[in-house]
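To start, the structure under review is shown below, and the notes come after it.
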Amino acid sequence: MSGAAGGSVVSVGGLLPRDLLDRVAAGDSSLPGMDPTDYGLAPGERLSDAVTRSWNRLRGLWVAFREALDGLPDSEQTATALTRDRWLRPLFDELGFAGLPVARNVSVDGKPYPISHLWADSVPVHLLGARVPIDRVSRGVAGAARTSPHGLVQEFLNRSDDCLWGVVSNGLVLRLLRDNASLTRQAYVEFDLEAMFGGEAFSDFVLLWLCCHRTRFEGDPPEKCVLEQWSAEAASSGMRALDRLRDGVEAAIEALGEGFVAHPKNAALRDALRSGDLTPDELQRQLLRVVYRLLFLLVAESRDLLLDPKADETARQRYVEFYSVDRLRRLAAKRRGSPHDDLWASLQVTMRALGRGGAPALGLVPLGSFLWSPEAVAALEGASIDNRHLLDAVRHLCFTRDDEAKVLRPVDYRNLGAEELGSVYESLLELHAEVDVDARTFALSTAAGNERKTTGSYYTPSSLISLLLDSALDPVLDEAMEAPDPERALLDLKVLDPAAGSGHFLIAAAHRIAGRLASVRAGGGEPAPDELRRALRDVIGRCIYGIDVNPMAVELCKVSLWMEATEPGRPLSFLDHRIVCGNSLLGTTPALIEAGVPDAAFKPLQGDDKETAKAWRATNKRERAHRQPGLFGVGALLASDVGKVAEELTALDDLGDESVADLQAKEARYAKVVSSTAVERLRLAADAWCAAFVAPKVPGAPVITDATVRLAAESPERVPADVRAAIEEQARAYRFLHLHVAFPDVFRVPDDPADAENEQCGWSGGFDVVLGNPPWDQIQYDPRETFATSHPEIANAPTMAKRNRLIAKLADDEPVVYARYLADVRHLDGVKHFIHGSDRYPLGSVGRLNTAPLFVELMWSSINRAGRVGVVTPTGIATDAFTQSFFRAMVDRRSLVSLFDFENRRGIFPGVHRSYKFSLLTLSGDDRPVDEAEFVFFALDVGDLADPERRFTLKPEDFALLNPNTGTCPVFRTRRDAEITEGIYRRVPVLVKDGDPNGNPWGFKGQLMFNMSADSHLFRTREELEAEGWTLQGNHFVRGEERYLPLYEGKMAHHFDHRWATFDGEDFREVSPVEKRDPAFTVMPRYWVPMGEVETRAPGRQWFCGWREISRSTDERTFIGSVIPWSGAG
């Protein structure tokens, strides 16, 4: 059999994507269940014959049914009997559902679901009359009175434990649905029966027959049915397609870049690149915006969301045939392209129309926004590109090459979502442009330490996001649904991702909120797709906030949100005040500003003058001593300004967005707000406070102290020009982002700081939910990042010492490059200094700095008292020594809701080492204390969380019982392990309880005998001792009465085995079984230490009980102890 999914078959939400449907239609034998016998046919019988027989019978039945329906009087409002008897029952007979039984008393947990038919107690088949729409409520119609028929079946599948797939049809349309509770958007396959049979679309009927045959639903359990296997195959092949799409986007940008740089008409573009007026990076950003535009158009066109519904058919057809990106896609599939530039000219007509003016003759209304403005692609606005390069770019975006099948497969842009964009986002940020103007070439290259690594982006699978929404967002939604006005309560929710990337978390949250909102508006139950789309636009426009340090990620996040929220005939939602650019970690709070710039800010950094820093510190100390606190200080000014700006932003939200004029009014209103004196005071004071930590402290430099902050808050116009310039320079360099300045509608600053709900930050209010997977990066300078592209010989040097020598040579050979290197070192020193010294992160800034705990602390401090945090973060936040105080604070405040730990052994994050452990952490606000937190450890995939034997709970007092000294989280593989351990600890005291005079009943004495770094001057190697005349006896070195003892290291011992491993010179190996059988065999250390030093530290010459200081996070046992002979230990 052969064929392809045609116009009467539509896949929504990626349930069974278009490419998989094409494989089914083509009879792809590599798919499970495609043999004729799998459809219940006799051996030797062909599928094509069976399908043709069904088609021939049903064609005649359709004609008769259609005539009878047309002749039915208007008083017959549903046509249910006619539709079922004359059409749907015969159709389902042909699909193998002979004798389809009527459903009786279908319910879930006592709630009735009036579904018409139920096959084998596992497949709901809801059949209605042809005059009953399946997407709308029909009052008084059974199976459509409370909620739409589609919504009824979807809700039933979501709640039922026995049913996975189902069907709903009114005879004109048939939809295939699946349990969708874990997904974030609607998903189904729709077969337009009227178009199929009325238009003689046999190939589409083939697909209907193959997909909806009874045998596709059969499985015990239902998860083993063929449809489920196809869905799994689609997910697997989809990941492979994403890899190819990633490559395609890179190739598309290269094709565009080369086409623009090389075109004969673009002399002005090349001159700008030569002069430096246009940098390669800026050209790349503008090319990215062209790609963003193309992605948006491909999605909007495929979903039929671009053209004005009011446009006449002539205008619509004119756009499709001559100006659409789909036209370019069709051309790219057939031809290579010519040297002419007419295709770019026609594309520019479309893009300019979408910017401001619209084009009624093409059915286009303006979308507005910076993305569609001429300024977004200023260097390309008057440039040209030939058809060959443009079609190359479109081909790379629209098709992926299946190397196994050796064919081009179209990208399913109808169902392209944030997940796919997240993957593309990673690839875009890994690239940087290399332009040779004279050779007229443009290329992209990937280098270590590029923007992606610097910003620490991590692509998060949807399955993990769904779990976090369950624990962090759903409880907040449940509370909103119980409010007197649930619609208002839902629209008042505020959700933030502080490292938003492409917006994957935000879009998933928006879909979840919109589902509840649409349900409320529809009177309960599962909403119809149109209702959900309207609700989604409202939610994205009112509830969603995001931050990213990368400006192109901010733009991509907006594109992702717009693609979800687009409604035909309406402009794009205004998001500039909600999706913002900045470094979430580098900002201050009202409480810190009120307290004044700390003296610690003036610690000299690389390049600073110590005496100047000391003098500024003294000045700052005097100024802070004379500050006016409370109602008459800086805090009162902040409160007034935040309140004023919040009122303006609330008024901004109340403006409509039905037309581009409405959007322009919002843009103008917002521009007025951000340029207001109130915002200037807020931003300048906050930026000055942060700049005091990082600004150069050298003679003659502008002085930024506490008085500067006070002056900025009171009278910003009086701040000296050079000081203001210095503050603004640091704000740009570090991208300071202050939450109360960025989102004054979320955070209220009280007149009296004592009235703040969040005393630490000095504000009230906050976000209802903060979600995300922020970076997990160490904050440390790596010169390989700086020199990855410009000086690869430095980046690839084999040792740090050689790398440092090569860098030092730059001071003479390339002083400009060396100065840039010193600036990079200083910049990161500034970041570390701010985090350590600002007191913004009292819990997460202990020890070696990592962005992960800092983001968690930021997120926790950003929620309101009833809010929740849901974050993907390394498990070390609960188990590491550096974060023990942080975790104890979560427990003591009863904020810990759940922690689900995963090992990355199955590559959930492909770019992260397989031994890495991360967790889904959920926290609650202070007004929602949690009595018992829930845990799972060592999960390998999301399915492990459903195993009740792996889940266990702990109360706050349990942590004090099990880990009284550190307060960190105990780790158990099963609930039974936790119960047994808890029982032991209740009966037997811990070995040592710090701070308790009776807390050492065993008389335990522990010590770290030798520090491997600080005591290394005492260590001798075998070569050194033998050269000095020492003799080896066993594993001791002896010379006269003197003796050197072996220095045991943790890796030399294992459980009950002090001869686990040995050194052969510098080589380290495990002891062989043959050697262990020799009682005289002794292990050799790497170093020896004087016996006198050991006697001083451990007199008595007794054997020791010791354990490894460090074990791997994935070790079966994390306590690896042994008994070792009297010797050195380090």
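Following this note's numbering from start to finish, the sequence shown increments by one per residue and tops out at 1144. In this text, a Cβ means the ideal position worked out from N, Cα and C, and glycines have one as well. Keep in mind it's a predicted model, so treat the numbers as computed, not measured.
Residue i lies in the alpha helix (DSSP H); which residues open and close that run?
| i | result |
| --- | --- |
| residue 135 | No alpha helix (DSSP H) contains residue 135, which DSSP labels as neither H nor E. |
| residue 410 | 401 to 412 |
| residue 1006 | No alpha helix (DSSP H) holds residue 1006; DSSP gives it neither H nor E. |
| residue 835 | 829 to 851 |
| residue 61 | 61 to 84 |
| residue 654 | 648 to 668 |
| residue 684 | 674 to 688 |
| residue 695 | 691 to 708 |
| residue 32 | 32 to 39 |
Look at residue i and residue j and say whether their C-beta atoms are less than 7 Å apart.
| i | j | result |
| --- | --- | --- |
| residue 600 | residue 781 | no |
| residue 935 | residue 887 | yes |
| residue 504 | residue 514 | no |
| residue 677 | residue 382 | yes |
| residue 219 | residue 76 | no |
| residue 1053 | residue 1043 | yes |
| residue 754 | residue 656 | yes |
| residue 938 | residue 911 | yes |
| residue 756 | residue 726 | no |
| residue 889 | residue 823 | no |
| residue 1144 | residue 1061 | yes |
| residue 178 | residue 138 | no |
| residue 24 | residue 204 | yes |
| residue 522 | residue 884 | no |
| residue 712 | residue 490 | no |
| residue 351 | residue 402 | yes |
| residue 1138 | residue 1028 | no |
| residue 14 | residue 943 | The chain is shown only over 15 to 1144; residue 14 falls outside these bounds and no answer can be derived. |
Hey, quick one: how far does the beta strand (DSSP E) through residue i stretch, first residue to last?
| i | result |
| --- | --- |
| residue 947 | 947 to 953 |
| residue 1118 | 1118 to 1121 |
| residue 1104 | 1102 to 1104 |
| residue 967 | 966 to 968 |
List the residues that DSSP assigns as beta-bridge partners of residue i.
| i | result |
| --- | --- |
| residue 877 | 781 |
| residue 179 | 192 |
| residue 1051 | 1046, 1058 |
| residue 917 | 931 |
| residue 1068 | 1071 |
| residue 458 | 447 |
| residue 1133 | In the DSSP output, where bridge partners are listed per residue, residue 1133 has none listed. |
| residue 415 | 422 |
| residue 1083 | 1076 |
Could you tell me how far apart the beta carbons of residue i and residue j are, in whole angstroms, since I believe they sit closer than 8 Å?
| i | j | result |
| --- | --- | --- |
| residue 266 | residue 410 | 4 Å |
| residue 659 | residue 692 | 5 Å |
| residue 865 | residue 793 | 6 Å |
| residue 948 | residue 967 | 5 Å |
| residue 981 | residue 926 | Incorrect: roughly 27 Å between the Cβ atoms, too far for contact. |
| residue 245 | residue 30 | 6 Å |
| residue 583 | residue 176 | Between residue 176 and residue 583 the Cβ distance is about 43 Å, and since that is not below 8 Å, they are no contact. |
| residue 28 | residue 200 | Residue 28 to residue 200, Cβ: 10 Å. No contact. |
| residue 589 | residue 572 | 5 Å |
| residue 914 | residue 950 | 5 Å |
| residue 855 | residue 868 | 5 Å |
| residue 649 | residue 776 | 7 Å |
| residue 140 | residue 166 | 7 Å |
| residue 400 | residue 277 | 6 Å |
Does at least one heavy atom of the ligand MG sit under 6 Å from the Cβ of residue i?
| i | result |
| --- | --- |
| residue 342 | Although the ligand MG was asked about, the structure shown includes no ligands whatsoever. |
Which runs of the beta strand (DSSP E) spanning at least 3 residues fall entirely within the region 713 to 760, listed in chain order?
When DSSP assignments are scanned along the region 713 to 760, no uninterrupted stretch of beta strand (DSSP E) that is 3 or more residues long falls wholly within it.
Counting only runs that start and end within the region 480 to 519, where is the alpha helix (DSSP H) found for 4 or more residues in a row?
488 to 495, 500 to 505
Enumerated in chain order, which unbroken segments of the alpha helix (DSSP H) with a length of 4 residues or greater are wholly contained in the region 513 to 586?
518 to 535, 543 to 556, 565 to 579
Uninterrupted beta strand (DSSP E) stretches inside the region 275 to 337 (no shorter than 3 residues):
none
Identify every run of the beta strand (DSSP E) within the region 92 to 141, keeping only runs that are complete inside it and at least 3 residues long; order them along the chain.
131 to 133, 137 to 141
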